[in-house]
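Each protein sequence line maps, in turn, to chains A and B.
In terms of my numbering, the first sequence is numbered consecutively and its last residue is 349.
In terms of my numbering, the second sequence is numbered consecutively and its last residue is 124.
Built from N, CA and C at the ideal position, the CB exists for glycine as well.
Below is one structure, written out as structure tokens; comments come after it.
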Amino acid sequence: MESYIEPVAQFFGAAWPLVWSLLKIVGIIAPLFLCVAYLTLAERKVIGYMQVRIGPNRVGPYGLLQPIADGVKLLLKEIIIPSGANKSLFIIGPVLALGPALAAWAVVPFSEGWVIGNVDAGLLFLLAITSIEVYGVIIAAWASNSKYAFLGGMRAAAQMVSYEIAMGFALVCVLMISSSLNLTDIVNNQNKGQFADMGLSVLSWNWIPLFPMFIVYLISGIAETNRAPFDVVEGESEIVAGHMVEYSGMAFALFFLGEYANMILVSALTSILFLGGWLSPVGFLPDGFIWLALKTSFILFLFLWFRATFPRFRYDHIMRLGWKVFIPLTLFWVVVVAVWVMSPLSIWK
Amino acid sequence: MLESYFPVLVFILFAAAFGFIPIVAGWFIGPSKPDAEKLSPFECGFEPFEDARIKFDVRYYLLAILFILFDLEIAFLFPWATILKEIAANESIRLFGFFEMIVFLGILLLGYIYVWKRGALDWE
Chain A
1 MESYIEPVAQ FFGAAWPLVW SLLKIVGIIA PLFLCVAYLT LAERKVIGYM
51 QVRIGPNRVG PYGLLQPIAD GVKLLLKEII IPSGANKSLF IIGPVLALGP
101 ALAAWAVVPF SEGWVIGNVD AGLLFLLAIT SIEVYGVIIA AWASNSKYAF
151 LGGMRAAAQM VSYEIAMGFA LVCVLMISSS LNLTDIVNNQ NKGQFADMGL
201 SVLSWNWIPL FPMFIVYLIS GIAETNRAPF DVVEGESEIV AGHMVEYSGM
251 AFALFFLGEY ANMILVSALT SILFLGGWLS PVGFLPDGFI WLALKTSFIL
301 FLFLWFRATF PRFRYDHIMR LGWKVFIPLT LFWVVVVAVW VMSPLSIWK
Chain B
1 MLESYFPVLV FILFAAAFGF IPIVAGWFIG PSKPDAEKLS PFECGFEPFE
51 DARIKFDVRY YLLAILFILF DLEIAFLFPW ATILKEIAAN ESIRLFGFFE
101 MIVFLGILLL GYIYVWKRGA LDWE
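Have a look at this one:
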């Protein structure tokens, strides 16, 4: 491998780090978009079977070409910019909704050493970059100059920021027991402990000592991505897709891609922070990327399952859950974990 | 050390630029036949009346301010949480390092209870 790269690196000279980074970035974004495309198909299939239907099955074998047909359809549609809209902001809105969902992958480790930027402030970077998504929603809602978009955007923004606090406290708990903001270190730290030494690393992962935080993080992740049952933002029966109401064609597709890329991101982060990332659950199986893929797929399946099962929450119930249940619970758990780490009973020496 | 951040910067720029590609592609490939009806804002079938920049509930402001406060607290907790095990291992700062943050969280809790009692978290 090295001997092939060396001559190419010399050819590009000083620009090589840039070219090499771009190659790696394309190597992540291309599979990611394939996953996003097939996640939309998986969603329709899974929900279809849960409702005793068969889902899309006309385009290609088993409907496998359906996402491509959807993409081509959206590409051929007109991009409408309403007459009252702020034109430049109207275009920037969806770009800002997709951009952070992609940029966050810069620090996500796929396996030992498989990461674009192995930075020490990885978790802080994630917290910062995922906060930017809310600007995409607000800008799109404001620029549309439509009442439905405006009200939907206010709702979406309030909901996203509310659940970010609970998520942040859950992250603080993970930090206390892993002592590092670097995501690779966070995964490797889960491979230590009494059970990991016995070859049962599944019992050493963060999800057992931090079980309430694992649940809070998962539910907040669903609320943060505005997925069912927290999807009042789109609420087609009341505010007809909220901030996306004036968007069409590829501009709408960007919101759509952003939402699904975010779902995959939240699932991958839950796997990394609480479910041991690429670690194998038992000692006799090798660690590797396949485990991260399996865990992420499982959590994505939960997203789809929840959508098929739960009725939509009322907005005041959503806000009550975020502010009056999750914040006190996580705040309390931060103190519990802090006391646990300080006490002689600490299992994270 | 700092050069490990370079790919991250490239990724951010790439992601920011990437969103424009589909829009530009859609702009050239898709049709463009605007008319006054099509370009008017959506309003359940009738003519839109008054501007969309309407008054909205003051609670959204309040929520945004509360969010900033709590998010800052979290950012403040991050460095402490990262070195908590070192604090626990060091006898001389052990109790101080722990209770200092408990006092901080206590003040945060007081503020939170006040906000709750004043009804800022109620939606009806």
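Which of the three DSSP states, helix, strand or coil, is assigned to residue i?
i, result
"residue 314 of chain A", "coil"
"residue 71 of chain B", "helix"
"residue 6 of chain A", "helix"
"residue 225 of chain A", "coil"
"residue 51 of chain B", "coil"
"residue 259 of chain A", "helix"
"residue 194 of chain A", "helix"
"residue 276 of chain A", "coil"
"residue 241 of chain A", "coil"
"residue 66 of chain A", "helix"
"residue 291 of chain A", "helix"
"residue 144 of chain A", "helix"
"residue 159 of chain A", "helix"
"residue 121 of chain A", "coil"
"residue 77 of chain A", "coil"
Leaving out five residues on either side along the sequence, give the residues of the same chain with a beta carbon under 8 Å from the beta carbon of residue i.
i, result
"residue 57 of chain A", "63"
"residue 110 of chain A", "278, 289, 292"
Check the Cβ-Cβ distances between residue i and every residue of chain B, and say whether any is below 8 Å.
i, result
"residue 233 of chain A", "no"
"residue 135 of chain A", "no"
"residue 23 of chain A", "no"
"residue 82 of chain A", "yes"
"residue 316 of chain A", "yes"
"residue 73 of chain A", "no"
"residue 78 of chain A", "yes"
"residue 118 of chain A", "yes"
Taking the straight line between their C-alpha atoms, what separation do you get for residue i and residue j?
i, j, result
"residue 168 of chain A", "residue 37 of chain B", "45 Å"
"residue 29 of chain A", "residue 36 of chain A", "10 Å"
"residue 267 of chain A", "residue 281 of chain A", "18 Å"
"residue 301 of chain A", "residue 72 of chain B", "33 Å"
"residue 333 of chain A", "residue 117 of chain A", "31 Å"
"residue 304 of chain A", "residue 50 of chain A", "10 Å"
"residue 91 of chain B", "residue 82 of chain B", "18 Å"
"residue 210 of chain A", "residue 109 of chain B", "21 Å"
"residue 123 of chain A", "residue 68 of chain B", "19 Å"
"residue 3 of chain B", "residue 106 of chain A", "14 Å"
"residue 40 of chain B", "residue 61 of chain B", "29 Å"
Between residue i and chain A, is any beta-carbon pair separated by less than 8 Å?
i, result
"residue 119 of chain B", "no"
"residue 38 of chain B", "yes"
"residue 111 of chain B", "no"
"residue 107 of chain B", "no"
"residue 8 of chain B", "yes"
"residue 104 of chain B", "no"
"residue 71 of chain B", "yes"
"residue 5 of chain B", "yes"
"residue 65 of chain B", "no"
In its own chain, which residues sit with a C-beta less than 7 Å from the C-beta of residue i, not counting the 5 before and 5 after it?
i, result
"residue 228 of chain A", "306, 307, 310, 312"
"residue 94 of chain B", "87, 88"
"residue 176 of chain A", "337, 338, 341"
"residue 219 of chain A", "none"
Going along the chain, which residues of its own chain have a beta-carbon closer than 6 Å to the beta-carbon of residue i, five neighbours each way excluded?
i, result
"residue 45 of chain A", "55"
Validate contact between the stretch 97-109 of chain B and the stretch 2-21 of chain B using beta carbons, cut 8 Å, 3 pairs:
no
Would you say the stretch 125-137 of chain A touches the stretch 96-115 of chain A, given that touching needs at least three Cβ pairs under 8 Å?
yes
Decide if the stretch 72-89 of chain A is in contact with the stretch 142-154 of chain A; the criterion is three or more beta carbon pairs, one per stretch, under 8 Å apart.
yes
(request) Could you tell me whether the stretch 329-348 of chain A touches the stretch 68-76 of chain A, where touching means 3 or more Cβ pairs closer than 8 Å? (result) no
Do three or more CB pairs link the stretch 237-253 of chain A to the stretch 197-207 of chain A at distances below 8 Å? no
Are the stretch 315-322 of chain A and the stretch 155-165 of chain A touching, with three or more C-beta to C-beta distances below 8 Å? yes
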